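Be aware that the sequence shown starts at 26, since it is given in the working numbering, and climbs by one per residue. Note that beta-carbon positions come from the ideal geometry of N, C-alpha and C, so glycine has one too. Since this is a predicted model, take the numbers as computed values, not measurements. Please read the structure below before turning to the comments.
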Amino acid sequence: MMPKHALDAIDEVLKRYLHSNDIFSGTIVLLGGDFRQTSNIVLKGTLIVIIEISLLSARTWRHVRVLSQSANMRSMNQDMFADWLLTIRNDSSNDRENLVSIPDEYVEKGDLVESIFDSEMIRFSARSS
């Protein structure tokens with residue numbers, strides 16, 4: 026897990042370079058990962074000390090909106106995708122000009138941003154720019 030001073034440092038750098046006093050200069054900051062996996066390591070630190078340096082104690086944390094993923098998107102169609110990758114590796118789907126044929130189900134034909142982010146996130150981004 027990121028220590029609190031790292032998140033606050035990101036805020037300060039964005040404020041300095043974007044010349045804004047808003048939290049994170051009004052930009053969207055995306056933190057990824059499973060924050061339950063690893064706590065901060067403090068040599069001879071007590072539980073209270075570890076909690077005090079955690080991300081949850083950062084002065085900017087109260088402005089953070091936590092979003093959770095309810096479905097594992099990576100595992101959807103994983104077997105079919107893995108098989109397709111193996112055909113590429115084995116050169117069985119390539120033509121003589123080293124071109125790879127991508128199946129339609131792996132091609133995004135619409136707006137890439139809209140397919141990745143929900144409409145609320147897009148509206149928020151438009152308001153902050």
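The three-state reading of DSSP puts Ser-126 in coil, since its state is none of H, G, I, E or B. Per DSSP, reduced to three states, the secondary structure at Ser-140 is helical. Checking the DSSP bridge columns, you'll see Ser-79 partnered with Pro-28. Taken atom to atom, the span from the alpha-carbon of Asp-108 to that of Arg-114 is near 10 Å.
Ranking Lys-134, Leu-111 and Asp-136 by CA distance to the CA of Val-125 puts Leu-111 first.
A distance below 8 Å between beta-carbons, with the five flanking residues on each side excluded, links Ser-79 to the following residues of its chain, in chain order: Met-26, Pro-28, Lys-29, Ser-64 and Asn-65.
The beta carbon of Asp-36 sits closer than 7 Å to those of Ile-48, Phe-49 and Thr-85, all from its chain and outside the five residues before and after it, given in chain order.
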